[in-house]
Amino acid sequence: MNAMLDTWHMAQRHIRALLRQPWWIVVTLIQPIIWLVLFGGLFETMENTPGWPEGVSFLEFITPGVIVMTAFFSAGWGGMSMIEDLNRGIIDRFLVSPAKRSSIIMGALLQSALSVSIQSVIVLVLALIMGASYPNGIGGLILLILIAALVGFGFGAFSNGLALIIRKEESLIAMMQFLLLPLTFMAAAFIPLDLAPDWIGSVAKFNPVNWGIEAGRSAAMDPSPDWGLITSRVGLLIVFGALMATFATRAFRSYQRTV
Amino acid sequence: MTEQKAIEVLDLAKQYGDEIQALDGVSFSVEPGTVFGLLGPNGAGKSTCVKILTTLSHPTSGTAAVMGFDVLTQGAEVRNRIGVVAQSSTADREATARENLRLQGQLYRMKGKDLESRIDGLLTDFNLADSADRIVRGFSGGMERRLTIAMALVHRPEILFLDEPTTGLDPEVRAEMWEEISTLASREGMTILLTTHYLEEADNLAANLAIVDRGKIVAEGSPEELKRGLKGDAIHVEIGAAVTEEAVIAALARVDGVGEVILNERTLHARAADGARSVPSILQTLDAAGITADSVTVSRPSLDDVYLKYAGRTMEQAEKSDADQKKPGSDREEVTA
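Just so you know, the sequences run in chain order A and B. So the first sequence is residues 1 to 259, counted in my numbering. So the second sequence is residues 1 to 337, counted in my numbering.
In structure tokens form, the structure reads like this:
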């Protein structure tokens, strides 16, 4: 109970800070739209490629990819605000209060999940306007957003844990740059893995971003969703999230050993 | 059993890595309702001590208890009872003063009317009522400092830790801050542990103090006791040309009533039962030994002299030499330790 209240209070702090940055809001809202319009336009002819899934437009294909990717990216950068809070002594202030340790990270992740949900809704509405159709209705779309949030949770925890260990903005930026694009492209975000080289398909099996994209796409876009695939990928994402949350909590201990 | 100490520290040691011994067997205790000062140069180990007492950092060895609760095994009990003001402001600069206070209260499980009226009271007490709903980014250094202290008090802690409460403030604001701290101590009967490298600050505020140097406590007592322990006046002589300490000590050994001779670079420090009367013979003796004196000052004992006597160097020198040493941890700690 206390942990949940603390998390909510911590999240409120992050949400307020974001709402006070109009430029952040504008950029965050525009970013996924750019992905959708840019990639949608650039690679539209992909849908004429032999082996492209029957009856799926390129726009419909990449919409779940863009949503999961947006969640993944914003989660990946989550550690930056952790480093800023560390440098300002704010984390130390929380650590000497009775606040639950986990709430420091969970609050940030909750805020991130909320902004990702808003971004997702905007992407979905825009894709709809651009001609996409959603065979599974609202239910499928909500499941897609939840799955995207789950991907965000795991990578957000990872980024925060990493921030506590390396504590240098430059190092975190380098680490994240190293991970973000490769993990996005080693997944079925923009083309089906059948059309990608075999080795990418093999790597994607172990890529949480791909788990999220496959499950989310099936839930939202597949006229007959593959529930076996959805359940197994969501299960994997939950395990991944739990591991990363444990890692992040451990990272606090490692941080406290050095102060 | 004797009365419960507010803070009880026994043989506390903290080592960072293989090299840096931040604390090297520190013991002291603080009576409830008093202001206790840890005085020493930057890098002496004061902040490390505060970090251990506030459960942020773990000691390498030794024990520490706050209000009778062990900081290692009963951390949660300790955290509920303490307020901590860190060296630099830890307020959230993107939030308003009121929001900062509210979150702080919420983390201590305060809520509703109780919390809101406490916030209003603190905003008034700390002269922030007019800026309550302004974003902290626009605050002056003094305002931000007052807010940080108010934040540490929201939950009415039994013990307040103040780590270098006036570092970086201009003298006027510093005097105001001293006022606030004395008021807190006397009005609320709160136990306060403060660290400082300002001698006058310790002299002004602390009922008892421990002088910390290179991870060890070198002297302990009330400021008066410590100064009284010095017996006599302090004499400082600026020497014209470089000489060895041995030469100076040998020369002054012939002067009656002068002792505790220390040479620090070009400044000679000595102690005399009657300073003013010893000056002529000191100057004569130095002159006879071929040592020229540029200037002489005689003063009543100050805490600086206490520090000099026990640490073997002046605070200023200690600050200079220790500032170059690498400190553990993040950038932020380069001014800490």
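Ideal Cβ placement from N, Cα and C applies to all residues, glycine included. Computed from a predicted model, the values in this text were never measured in an experiment.
To the nearest angstrom, report how far apart residue i and residue j are at their CA atoms.
i: residue 124 (chain A); j: residue 62 (chain A); result: 11 angstroms
i: residue 310 (chain B); j: residue 219 (chain B); result: 7 angstroms
i: residue 228 (chain A); j: residue 55 (chain A); result: 22 angstroms
i: residue 27 (chain B); j: residue 11 (chain B); result: 5 angstroms
i: residue 48 (chain A); j: residue 195 (chain A); result: 12 angstroms
i: residue 103 (chain A); j: residue 213 (chain A); result: 28 angstroms
i: residue 139 (chain A); j: residue 115 (chain A); result: 20 angstroms
i: residue 337 (chain B); j: residue 43 (chain B); result: Its pLDDT being 34, under 50, residue 337 (chain B) is placed unreliably in this model, and the coordinates cannot settle the point.
i: residue 330 (chain B); j: residue 308 (chain B); result: Residue placement at residue 330 (chain B) is poorly supported in this model, since its pLDDT is 36, which falls under 50; the coordinates are not used for a value here.
i: residue 113 (chain A); j: residue 153 (chain A); result: 7 angstroms
i: residue 332 (chain B); j: residue 87 (chain A); result: Caution applies to residue 332 (chain B), whose pLDDT of 38 falls short of 50 and renders its modelled position unreliable; the model cannot decide the point.
i: residue 170 (chain A); j: residue 185 (chain A); result: 24 angstroms
i: residue 167 (chain B); j: residue 87 (chain B); result: 7 angstroms
i: residue 237 (chain A); j: residue 208 (chain A); result: 6 angstroms
i: residue 34 (chain A); j: residue 43 (chain A); result: 14 angstroms
i: residue 156 (chain B); j: residue 146 (chain B); result: 16 angstroms
i: residue 140 (chain B); j: residue 173 (chain B); result: 11 angstroms
i: residue 422 (chain B); j: residue 300 (chain B); result: No information on residue 422 (chain B) is available, as it lies outside the stretch 1 to 337 that chain B covers here.
i: residue 59 (chain B); j: residue 15 (chain B); result: 8 angstroms
i: residue 320 (chain B); j: residue 214 (chain B); result: 13 angstroms
i: residue 109 (chain A); j: residue 199 (chain B); result: 46 angstroms
i: residue 210 (chain A); j: residue 176 (chain B); result: 60 angstroms
i: residue 268 (chain B); j: residue 287 (chain B); result: 14 angstroms
i: residue 252 (chain A); j: residue 64 (chain B); result: 22 angstroms
i: residue 151 (chain B); j: residue 104 (chain B); result: 6 angstroms
i: residue 149 (chain B); j: residue 71 (chain A); result: 38 angstroms
i: residue 79 (chain A); j: residue 163 (chain A); result: 5 angstroms
i: residue 82 (chain A); j: residue 4 (chain B); result: 39 angstroms
i: residue 85 (chain B); j: residue 281 (chain B); result: 50 angstroms
i: residue 278 (chain B); j: residue 182 (chain B); result: 39 angstroms
Using 8 angstroms as the limit for Cβ to Cβ distance, is residue i near chain B?
i: residue 98 (chain A); result: yes
i: residue 111 (chain A); result: no
i: residue 259 (chain A); result: yes
i: residue 16 (chain A); result: yes
i: residue 13 (chain A); result: yes
i: residue 194 (chain A); result: no
Please report the Cβ distance between residue i and residue j, rounded to the nearest whole angstrom; I am assuming they are in contact, meaning their Cβ atoms lie under 8 angstroms.
i: residue 50 (chain A); j: residue 119 (chain A); result: No, residue 50 (chain A) and residue 119 (chain A) are not in contact; Cβ-Cβ is about 34 angstroms, not under 8 angstroms.
i: residue 170 (chain B); j: residue 303 (chain B); result: Not confirmed; about 22 angstroms, so no contact.
i: residue 289 (chain B); j: residue 235 (chain B); result: In fact, because the Cβ distance is near 16 angstroms, the residues do not count as touching under 8 angstroms.
i: residue 227 (chain B); j: residue 24 (chain B); result: Wrong, their Cβ atoms sit about 26 angstroms apart, outside the cutoff.
i: residue 58 (chain A); j: residue 69 (chain A); result: The Cβ separation is near 15 angstroms, so there is no contact.
i: residue 53 (chain B); j: residue 20 (chain B); result: Incorrect: roughly 19 angstroms between the Cβ atoms, too far for contact.
i: residue 98 (chain A); j: residue 95 (chain B); result: About 20 angstroms; that fails the 8 angstroms criterion.
i: residue 56 (chain B); j: residue 49 (chain B); result: Between residue 49 (chain B) and residue 56 (chain B) the Cβ distance is about 11 angstroms, and since that is not below 8 angstroms, they are no contact.
i: residue 194 (chain B); j: residue 35 (chain B); result: 7 angstroms
i: residue 218 (chain A); j: residue 225 (chain A); result: 5 angstroms
Looking at the C-beta of residue i, does it have a partner C-beta in chain A at a distance below 8 angstroms?
i: residue 331 (chain B); result: Low per-residue confidence applies at residue 331 (chain B): pLDDT is 37, beneath 50, and the placement is therefore not dependable, though the value from the model is reported in the following sentence. Residue 331 (chain B) counts as touching chain A.
i: residue 334 (chain B); result: The predicted model places residue 334 (chain B) with a pLDDT of 36, which falls under 50 and marks its position as unreliable; any figure quoted below should be read in that light. Not closer than 8 angstroms to any Cβ of chain A, the Cβ of residue 334 (chain B) fails to qualify, so no.
i: residue 46 (chain B); result: no
i: residue 23 (chain B); result: no
i: residue 293 (chain B); result: no
i: residue 76 (chain B); result: yes
i: residue 144 (chain B); result: no
i: residue 216 (chain B); result: no
i: residue 103 (chain B); result: yes
i: residue 99 (chain B); result: yes
In chain A, which residues lie with their C-beta within 8 angstroms of the C-beta of residue i?
i: residue 79 (chain B); result: 96, 97 and 98
i: residue 54 (chain B); result: 96
Going along chain A, which residues have a C-beta under 9 angstroms from residue i?
i: residue 84 (chain B); result: 92, 93, 96 and 97
Using DSSP bridges, identify the partner residues of residue i.
i: residue 82 (chain B); result: B:159
i: residue 220 (chain B); result: B:210
i: residue 268 (chain B); result: B:237 and B:263
i: residue 192 (chain B); result: B:35 and B:160
i: residue 96 (chain B); result: B:135
i: residue 63 (chain B); result: B:10
i: residue 297 (chain B); result: B:236
i: residue 21 (chain B); result: B:15
Going along chain A in order, which residues have a C-beta closer than 7 angstroms to the C-beta of residue i?
i: residue 106 (chain B); result: 9
i: residue 158 (chain B); result: What residue 158 (chain B) touches in chain A: nothing, since even the nearest Cβ is about 14 angstroms away.
i: residue 281 (chain B); result: Near residue 281 (chain B) there are no residues of chain A at all, since even the closest Cβ is about 53 angstroms away, more than 7 angstroms.
i: residue 51 (chain B); result: 259
In chain B, which residues lie with their C-beta within 9 angstroms of the C-beta of residue i?
i: residue 31 (chain A); result: Neighbours of residue 31 (chain A) on chain B: none; closest Cβ ~21 angstroms, over 9 angstroms.
i: residue 20 (chain A); result: 94, 95 and 135
i: residue 88 (chain A); result: 88, 89, 90, 91, 92, 93 and 332
Going along chain B, which residues have a C-beta under 8 angstroms from residue i?
i: residue 256 (chain A); result: 56, 57 and 58
Using a Cβ cut-off of 7 angstroms, pull out every chain B residue sitting near residue i, in sequence order please.
i: residue 6 (chain A); result: 107
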